[in-house]
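If you're matching them up, the sequences are chains V and E in order. The first sequence lines up with residues 12 to 147 when you count with the numbering used here. The second sequence lines up with residues 12 to 147 when you count with the numbering used here. The beta carbon of each residue, even a glycine, is placed where N, CA and C say it ideally should be.
Number of protein chains: 2
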Amino acid sequence: MTEGAKARDSGADGKPERISEAEYAVMEALWIRSPLTASEVCAEVCQQRDWSLATVKTLLSRLVTKQAIATEPDGRRFLYRPVLARTDYLGGESRRLVDRLFGGRAAPLFANLAEQEALTDADLAEIETLLKELRK
Amino acid sequence: MTEGAKARDSGADGKPERISEAEYAVMEALWIRSPLTASEVCAEVCQQRDWSLATVKTLLSRLVTKQAIATEPDGRRFLYRPVLARTDYLGGESRRLVDRLFGGRAAPLFANLAEQEALTDADLAEIETLLKELRK
DNA sequence: GCTTAATGTTTACAAACGTAATCGTTCCGC
DNA sequence: GCGGAACGATTACGTTTGTAAACATTAAGC
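Put into structure tokens, the structure is as follows:
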């Protein structure tokens with residue numbers, strides 16, 4: 012490409028492009044262990060999702076384009092490792108949900124989860140502990 | 012269609028198809044007030060999202076197909092109203108997020124939001140109140 | 001009665017996504 | 001040195017989503 016930084020941003024500046032659900036599965040593998048080769052990633056996810064190696068390669072390429080992962084050469088092939096931190100991703104997605112569906116406030120989300128009976132006793136206990144931490 | 016219940020489910024049985032982000036904006040309008048005509052929905056959302064009436068009509072059709080809303084004839088036109096309850100939708104999406112990103116446990120989500128400083132004092136207070144309720 | 005405005009239906013089209021096959025190169029084993 | 005395996009890059013193709021225009025029908029005004 013002759014005129015570098017064409018556009019479509021997601022560059023170092025603009026907010027990172029969203030990671031799709033399939034791409035997320037690949038990210039997970041890399042968050043657990045990295046760097047990995049494409050084959051190694053496939054070894055981690057292809058069984059569970061019933062994917063072919065080709066699919067994983069496509070997803071890796073797209074993630075590189077989105078700058079969610081980076082490559083480092085290792086001989087004739089690449090090793091892939093996350094650029095986007097897991098915590099940042101989770102935080103971003105959580106905020107998105109809270110902003111989009113609950114007016115940016117977390118309390119209604121919890122009320123909703125409670126209503127859905129999606130909160131286990133363990134969850135409640137942990138949250139209580141966290142609350143104490145935060146209010147300190 | 013000659014052979015009713017063709018497929019593509021989302022029928023009365025299979026889990027409801029996902030509602031996209033644009034579609035959600037339409038649902039919001041209908042959750043706030045319903046039934047509404049297409050024009051009325053447009054009056055609610057077209058300014059904010061910079062949409063044309065045509066776009067709203069498309070989204071309404073798709074939502075009808077997905078059985079998220081239903082129509083009732085009103086003379087020569089339709090009135091639209093939600094079939095999917097707001098609470099159910101919010102609950103479903105919340106669970107999806109918790110399942111997909113946090114292994115189905117709400118506590119890590121909470122921890123994450125805290126880390127992202129996405130919890131206001133008001134949130135904390137409300138959640139505390141909720142917790143007390145739930146543990147009763 | 002005829003034009004027109006409103007409304008649902010159909011069709012359109014580009015971008016993103018899911019899923020992959022194919023192509024071109026290069027290294028490794030024989 | 002050569003055939004195949006491994007790998008990244010390119011191309012492919014159907015579906016969903018975002019966004020809308022075109023079309024058909026009909027009710028309503030003049």
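(request) Could you tell me the boundaries of the beta strand (DSSP E) in which Leu108/V lies? (result) Looking at the DSSP string, Leu108/V is not in any beta strand (DSSP E); the run it does join, the alpha helix (DSSP H), is 97-113.
(message) The beta strand (DSSP E) that contains Ile80/E, what's its start and end?
(response) 80-85
(message) Could you tell me the alpha carbon to alpha carbon distance between Leu221/E and Arg116/V, rounded to whole angstroms?
(response) Residue 221/E is absent from the structure shown; chain E starts at 12 and stops at 147.
(message) Can you confirm whether Gly102/V, when its beta carbon is compared against all beta carbons of chain E, has any partner nearer than 8 Å?
(response) yes
(request) Below 8 Å on the Cβ atoms is my guess for Ile9/V versus Ala79/V; work out the distance and round it to an integer in Å. (result) Because chain V is modelled from 12 through 147, residue 9/V falls outside the range shown and cannot be assessed.
(message) Does the contact criterion of 3 or more C-beta pairs under 8 Å hold for the segment 122-142 of chain E versus the segment 103-123 of chain V?
(response) Contact between the segment 122-142 of chain E and the segment 103-123 of chain V is present, because at least three Cβ pairs lie under 8 Å.
(request) Run the CB neighbour count on Tyr91/E, radius 10 Å, all protein chains shown included, and call it buried at 16 or more, exposed below. (result) buried
(request) Let me know if Ser105/V comes out buried or exposed under the rule of 16 or more other beta-carbons within 10 Å of its beta-carbon. (result) buried
(request) Using a Cβ cut-off of 8 Å (strictly closer), state whether Thr48/V contacts chain E. (result) It does not: the Cβ of Thr48/V has no partner Cβ on chain E nearer than 8 Å.
(message) Taking 8 Å as the threshold (beta carbon to beta carbon), is Asp61/V in contact with chain E?
(response) no
(message) If the cut-off is 7 Å on Cβ atoms, which residues from the segment 72-106 of chain V count as contacting chain E, listed in chain order?
(response) Thr98, Leu101, Gly102, Glu104, Ser105, Arg106
(request) Consult DSSP for Pro93/V and reduce its assignment to one of helix, strand or coil. (result) strand
(request) Could you give the DSSP three-state label for Arg60/E: helix, strand or coil? (result) helix
(message) For Lys147/V, report the span of its alpha helix (DSSP H) as first-last.
(response) Looking at the DSSP string, Lys147/V is not in any alpha helix (DSSP H), and its letter there is neither H nor E.
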